[in-house]
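Chains A and B supply the protein sequences, listed in that same order. Here the first sequence is numbered in the numbering used here, starting from 51 and rising by one per residue. Here the second sequence is numbered in the numbering used here, starting from 7 and rising by one per residue. The beta-carbon is built from N, C-alpha and C at its ideal position, and this holds for glycine as well.
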Amino acid sequence: MRFDNSTLQNAVDELRLCTPQEHRATADNYVFEEAVSAERTATFETFVGDVANDQALTDGHVDYVRGNIEIDGETPDTFRIDLRPSGTNRPDEAQDLVRVEGLLGPLEACFGFRASDGYDVLLRHYETIKKAWQDGSHDGSALVDKFLEIWNARRDERPAFSTFLDGLREDAENADWQHLLRDRLGLAHYEPRPGTPIPVALMVYSVREVITAARADAVPITCPTVLDSKPWPYYFPAPEVMPYGRAMALRTDGGEESLQPEILHTRIEFKRSHIKAMALIERPWGPKELRDLRNHHLLKIRLALLDELAATGRPEFGEDMP
Amino acid sequence: MGLASGKAGGERHPWIAVFEADPATAFDRLIRGYADVSPYQRAEVPDAARMLFGSLPADDPVRALLGTSITGWLNARRREPIPTDRRRRGRLIREISDSFEIIRALEPGGAAQWVHANRIRLMDWTSRLVDSSARDARAAFLLTLAVMQPVVEGEDLTRLWMDICREAGGVLPGDYLDVGLMGLRRLPKMAHQTAEAPWLAGLAQWAMAREPSEQQFAAEWLALKRVYPRQPGQWRKEIAALLRTRQYQDAEIEPPAWWACDPEMAVMSRPNAKLADGHRSPMPDECRALIDRLQTTPYGEVASAIDTFMQAHVRFARATGISHHLVAAVHQLGTALAKTRDEAASIRAEDLARLALHWQPFDAHSWNLWADALEARGAVAASEIVRREYVGRLPFNVDARNQLAEMLIALDRCEEARTLVDRCFEEGLVNEVVHSLRIRLAAQLDGIEAAREAAEAAVEEFADNKLLADFKSKIGRGENLWVTSFRYQEHPLAPVSNALAATGGAGDGMIIRLRDLAHARTLGERLIAGSDATAVAEVTALLAEEPDFAYAQLLAVRAGIWAADEAELASVPAAFERALADEDAQVFASLAKRAPKLEALTLVARALFGDVDAQDRIANWLSEAATDETGPISDMRPRLRVILGGATDADAVAAGLSSQREKVLTVLRRVNEALIDSDLIAA
Numbered sequence: 051m052r053f054d055n056s057t058l059q060n061a062v063d064e065l066r067l068c069t070p071q072e073h074r075a076t077a078d079n080y081v082f083e084e085a086v087s088a089e090r091t092a093t094f095e096t097f098v099g100d101v102a103n104d105q106a107l108t109d110g111h112v113d114y115v116r117g118n119i120e121i122d123g124e125t126p127d128t129f130r131i132d133l134r135p136s137g138t139n140r141p142d143e144a145q146d147l148v149r150v151e152g153l154l155g156p157l158e159a160c161f162g163f164r165a166s167d168g169y170d171v172l173l174r175h176y177e178t179i180k181k182a183w184q185d186g187s188h189d190g191s192a193l194v195d196k197f198l199e200i201w202n203a204r205r206d207e208r209p210a211f212s213t214f215l216d217g218l219r220e221d222a223e224n225a226d227w228q229h230l231l232r233d234r235l236g237l238a239h240y241e242p243r244p245g246t247p248i249p250v251a252l253m254v255y256s257v258r259e260v261i262t263a264a265r266a267d268a269v270p271i272t273c274p275t276v277l278d279s280k281p282w283p284y285y286f287p288a289p290e291v292m293p294y295g296r297a298m299a300l301r302t303d304g305g306e307e308s309l310q311p312e313i314l315h316t317r318i319e320f321k322r323s324h325i326k327a328m329a330l331i332e333r334p335w336g337p338k339e340l341r342d343l344r345n346h347h348l349l350k351i352r353l354a355l356l357d358e359l360a361a362t363g364r365p366e367f368g369e370d371m372p
Numbered sequence: 007m008g009l010a011s012g013k014a015g016g017e018r019h020p021w022i023a024v025f026e027a028d029p030a031t032a033f034d035r036l037i038r039g040y041a042d043v044s045p046y047q048r049a050e051v052p053d054a055a056r057m058l059f060g061s062l063p064a065d066d067p068v069r070a071l072l073g074t075s076i077t078g079w080l081n082a083r084r085r086e087p088i089p090t091d092r093r094r095r096g097r098l099i100r101e102i103s104d105s106f107e108i109i110r111a112l113e114p115g116g117a118a119q120w121v122h123a124n125r126i127r128l129m130d131w132t133s134r135l136v137d138s139s140a141r142d143a144r145a146a147f148l149l150t151l152a153v154m155q156p157v158v159e160g161e162d163l164t165r166l167w168m169d170i171c172r173e174a175g176g177v178l179p180g181d182y183l184d185v186g187l188m189g190l191r192r193l194p195k196m197a198h199q200t201a202e203a204p205w206l207a208g209l210a211q212w213a214m215a216r217e218p219s220e221q222q223f224a225a226e227w228l229a230l231k232r233v234y235p236r237q238p239g240q241w242r243k244e245i246a247a248l249l250r251t252r253q254y255q256d257a258e259i260e261p262p263a264w265w266a267c268d269p270e271m272a273v274m275s276r277p278n279a280k281l282a283d284g285h286r287s288p289m290p291d292e293c294r295a296l297i298d299r300l301q302t303t304p305y306g307e308v309a310s311a312i313d314t315f316m317q318a319h320v321r322f323a324r325a326t327g328i329s330h331h332l333v334a335a336v337h338q339l340g341t342a343l344a345k346t347r348d349e350a351a352s353i354r355a356e357d358l359a360r361l362a363l364h365w366q367p368f369d370a371h372s373w374n375l376w377a378d379a380l381e382a383r384g385a386v387a388a389s390e391i392v393r394r395e396y397v398g399r400l401p402f403n404v405d406a407r408n409q410l411a412e413m414l415i416a417l418d419r420c421e422e423a424r425t426l427v428d429r430c431f432e433e434g435l436v437n438e439v440v441h442s443l444r445i446r447l448a449a450q451l452d453g454i455e456a457a458r459e460a461a462e463a464a465v466e467e468f469a470d471n472k473l474l475a476d477f478k479s480k481i482g483r484g485e486n487l488w489v490t491s492f493r494y495q496e497h498p499l500a501p502v503s504n505a506l507a508a509t510g511g512a513g514d515g516m517i518i519r520l521r522d523l524a525h526a527r528t529l530g531e532r533l534i535a536g537s538d539a540t541a542v543a544e545v546t547a548l549l550a551e552e553p554d555f556a557y558a559q560l561l562a563v564r565a566g567i568w569a570a571d572e573a574e575l576a577s578v579p580a581a582f583e584r585a586l587a588d589e590d591a592q593v594f595a596s597l598a599k600r601a602p603k604l605e606a607l608t609l610v611a612r613a614l615f616g617d618v619d620a621q622d623r624i625a626n627w628l629s630e631a632a633t634d635e636t637g638p639i640s641d642m643r644p645r646l647r648v649i650l651g652g653a654t655d656a657d658a659v660a661a662g663l664s665s666q667r668e669k670v671l672t673v674l675r676r677v678n679e680a681l682i683d684s685d686l687i688a689a
């Protein structure tokens, strides 16, 4: 994508020249993006206005996301019909979607403990909710329902990244699913510090449930774009000819077959039946250089494009990070 | 932007160095979502903070820096206007909520104490920051206040949490029940009380107030039961002890009541079920015995027995939510303690009065006891401040005004006392004692003829009163009247010329706060009497110093210096004051939605300004008995009955409101102001 506002485009160009890999990656995401409509670009440009430098651009981008995407009681720009979101073809409604959700905040809100109480206390409460979910008893179910009620109440209308269960069923059913999925789906922020594990839940629900729960003025499922979340070096745009996005993995050991279609969908209320597993993320991912991750991902995308008839003759997608 | 990923190993994240260099700016950028905290930019800000700070040692100075940064950031936001634009306000609410969550999660140095110490202001402020359950800064603040209780040595907040439980699903959103119950679950532990006793009471108070379905009650009860592993027999014992207290028996609620949804508890309804006795508060005889001991034994020897006795009362109140036994005991025991005039005993009486006011903020006896106890140990300025607060808090209580007037006479400030007494006559708050004060002050300040006139008017109104008749006879015989009451003749007061400017005896933070309130009230009276440039300048200074102080906002409205575009979002008392000035019925209707407890107050205002429907409803309201209205609202009903001459139909009410317009306006202003910071003691 290119901005019509020259101050924004200049800021992207400036950012691209910066030394840290994160800056370059963030700038590349604007440059490589193909799925943002003209209407959406214009909305973003109007919101951000003129910028003086690259930091003003990324700060303005954060303001846009907090003001127009991560909101409550309204439809985020991501799903607004008038902004012509990309990738709105509806997948089969019976398909299951999968999402990895962090539980630290909801656990603390439900059980009223503090991180400073220590790992043992976190672990105890995590085990309590996990056991309650597993045993399915009357009072266990009541506790899980209460936990979900508190959690749901805290959630706004922001788009949810998710992917199709069938494409990664093997990983999802592995005993170490939390680390495998974290790495495969590029969830770099699930990076535990020493002594601070991250409890997560594997949430599975159907496309139908998403569509049923969507607001009337919203497109329930769209393709992720650079404008749908804050500037994020672990996001990588997908070429427009590919239906949906492609999550960038946090490892470099897979071929193009490991690329995972990724979507954004509107808010759904989590239910007990959506929880398929709970686990602790205790290991850091990597260590891999961001540059290696991005260049490997780009290679996979380019290989995948060779299989896309619609991509025949198109210019080469993206650019390696130097 | 500009930091390389700090993901490796156990070293500090590189952003921590940025934070140490300029904590205020770095925290502002973190909470607003701009900070480069790779790879945590996509995480929720509190989650990112958990990762950045969570693994630092508890005594790491960076944690203390985080505490001051958060409180500084929140203080700065409190001083700014709240945006009217929904999205901008939503973002602000989110960032404030995230700040409270970080305090809750990481307990950074001093922040928990700050939240506890500023809870009244934070409550008032965050009450204006509620848009939806996902954008609710008040819930985030209250949850933090609840969870932090074990680590702050603050006041007992049981009553606040009980109130929240009762009002969840009524005045407050239904999900506030979780907040109220969390507050009760995290109360500091108390000897001889199980951890579950307070929240069982909170659950029962909610059920009694909201009448939930069996399914709704089961959803709350079973979820909690799961995390408190107990034998069913122990639960039955606790529940029976709760439900067999008098409040539930009077309401014909028998065990297992709502707990019948749980088969393990339902067995309590069997005819042969052995049920535990109800919780029992200490008996009046025990109080009497302590009072008897105080008359013959030095306080120091009775002190620990008093502690034990009061702990038993507090335990009962925490386990049931019922406080009137505790308050009654405080009245008796506190009075006896103050009477000893022993300093330590007087201080204990003050503590007891404040304990009672925590549970019942509008209890007249407790206010009086507090003032008496301060007086007994020579803290005269502080006592005067408390008496002034008593008058402000219970605006229709004649005794409060009389006691302040007697004190002012004893302090040789008869002109001030006379202003107070004159105001009683202006507002129609007159009894025998007010007449007695007017006669004595007239004799003192204006001479025998003025006193004779006052005495004749008094005897005409209270023909059977012996004291007033005696005054009249003495004046007839040309005898001098005493002006200082016998109480102060017996225990003269050290002179204080201006308690609001005095600092002696006001080292207590609460007294200082009450002094600020008294100062604000005085300013308010001056503005009603007519705008004067000095008063307006003082209001401007007060507002600059404490922009989120509801009274400062109200005074700014009264002085005509409140910015028009912020009127909608000002605190409720300020918005009410403005609506009174504008005679704006629509604002009153929206205020009733914002603060449903004040519905009667807004209804009277609407009726006063000609709303026929409101006049109809007020006619009905006047003829009803008082319900569970907040103190001053409840007191307003009999007051209006008198002012409106007993009118009970809409036409008579309309006529009465029209002819007594100024008096009704005064009543409305007094009630509105009485509610400012009304939980100062309680919460």
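Neighbour flag for residue i against chain B, beta carbons, 8 angstroms
i, result
"Leu154 (chain A)", "yes"
"Ser279 (chain A)", "yes"
"Ile131 (chain A)", "no"
"Glu177 (chain A)", "no"
Backbone secondary structure at residue i - three-state DSSP
i, result
"Glu574 (chain B)", "Caution applies to Glu574 (chain B), whose pLDDT of 48 falls short of 50 and renders its modelled position unreliable; the value that the coordinates give is listed next. Correct three-state label for Glu574 (chain B): helix."
"Met328 (chain A)", "strand"
"Asp91 (chain B)", "coil"
"Val136 (chain B)", "strand"
"Asp452 (chain B)", "coil"
"Arg38 (chain B)", "coil"
"Arg141 (chain B)", "strand"
"Arg458 (chain B)", "helix"
"Arg130 (chain A)", "strand"
"Met51 (chain A)", "coil"
Start-to-end residues for the beta strand (DSSP E) that takes in residue i
i, result
"Pro249 (chain A)", "248-256"
"Arg296 (chain A)", "295-297"
Amino acids of chain B, ordered along the chain, whose beta-carbon sits closer than 7 angstroms to that of residue i
i, result
"Tyr284 (chain A)", "Pro45"
"Ile119 (chain A)", "Chain B residues near Ile119 (chain A): none, gap ~11 angstroms exceeds 7 angstroms."
8 angstroms Cβ cut-off: residues of chain B touching residue i
i, result
"Val112 (chain A)", "Arg38, Gly39, Tyr40"
"His239 (chain A)", "Pro45, Tyr46, Gln47, Arg48, Ala49, Asp53, Ala54"
One or two residues paired with residue i in a DSSP bridge
i, result
"Asp146 (chain A)", "A:Ser256"
"Thr272 (chain A)", "A:Leu314"
"Ala174 (chain B)", "B:Leu178"
"Thr213 (chain A)", "A:Val148, A:Glu312"
"Arg243 (chain A)", "A:Thr246"
Cross-chain neighbours of residue i in chain B, by beta carbon under 9 angstroms
i, result
"Gly123 (chain A)", "Arg92, Gly96, Asp137, Ser138, Ala140, Arg141"
"Ile200 (chain A)", "Asp181, Asp184"
Residue i at chain A interface by Cβ criterion, 8 angstroms
i, result
"Pro52 (chain B)", "yes"
"Met57 (chain B)", "yes"
"Lys231 (chain B)", "yes"
"Leu166 (chain B)", "no"
"Glu113 (chain B)", "yes"
"Ala512 (chain B)", "Any answer about Ala512 (chain B) is weak, because its pLDDT of 40 lies below 50 and its placement is not dependable; what the coordinates show is given next. So, not an interface residue."
"Gly175 (chain B)", "no"
Where the alpha helix (DSSP H) containing residue i begins and where it ends
i, result
"His188 (chain A)", "188-204"
"Thr425 (chain B)", "420-432"
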